[in-house]
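**Q** Start counting the sequence shown at 56; every next residue gets the next number (this note's numbering).
Think of the CB as a built atom: it goes at the ideal place given N, C-alpha and C, for glycine as much as any other residue.
Please read through the structure below; I'll follow up with questions.
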Amino acid sequence: MIKKFETIGATVAFLVTSALPAFAVGPDEQASCMGQEAAAISPPGSSEEFPDGMPGLVAFIDTIPVPPGEVYSTIAKLHEGSHEACDEVLE
56 MIKKFETIGA
66 TVAFLVTSAL
76 PAFAVGPDEQ
86 ASCMGQEAAA
96 ISPPGSSEEF
106 PDGMPGLVAF
116 IDTIPVPPGE
126 VYSTIAKLHE
136 GSHEACDEVL
146 E
């Protein structure tokens with residue numbers, strides 16, 4: 056009986072804490088430029104650069120006459136330390 060209450064208590068605690076809003080911070084300086092960009096434009100509607108968020112970035116990359124995998128690979132290999140620095144390198 057006590058074990059049942061412990062299980063119920065743990066379940067309730069998990070559900071309550073998982074329902075709290077996540078206070079996101081930017082990615083670590085060591086994150087790749089792909090991670091920096093994804094964090095900067097997510098969630099959709101939070102960035103003027105790509106108002107549609109990651110789906111907007113994917114749509115943009117699909118218009119470039121280079122295989123998308125090459126684009127993602129190139130961006131992911133860059134580790135410039137910030138979103139702004141990544142944008143400068145990629146311009």
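Given this structure, state the Cα-to-Cα distance separating residue 86 from residue 142, to the nearest angstrom.
**A** Near 14 Å, if we compare the C-alpha coordinates of residue 142 and residue 86.
**Q** Taking its Cβ as the centre, do 16 or more other Cβ atoms sit within 10 Å of residue 125, making it buried, or is it exposed?
**A** Burial call: exposed.
**Q** Between residue 99 and residue 106, which are expected to be in contact by the criterion C-beta below 8 Å, what is the C-beta distance as a whole number of angstroms?
**A** The Cβ separation is near 7 Å, so the contact holds.
**Q** Report the rounded CA-to-CA distance for residue 135 versus residue 127, giving the unit in angstroms.
**A** If I take the Cα positions, the gap works out to 15 Å.
**Q** If you follow the alpha helix (DSSP H) that residue 110 is part of, which residue opens it and which one closes it?
**A** 109 to 117 is the span of the alpha helix (DSSP H), which, as asked, contains residue 110.
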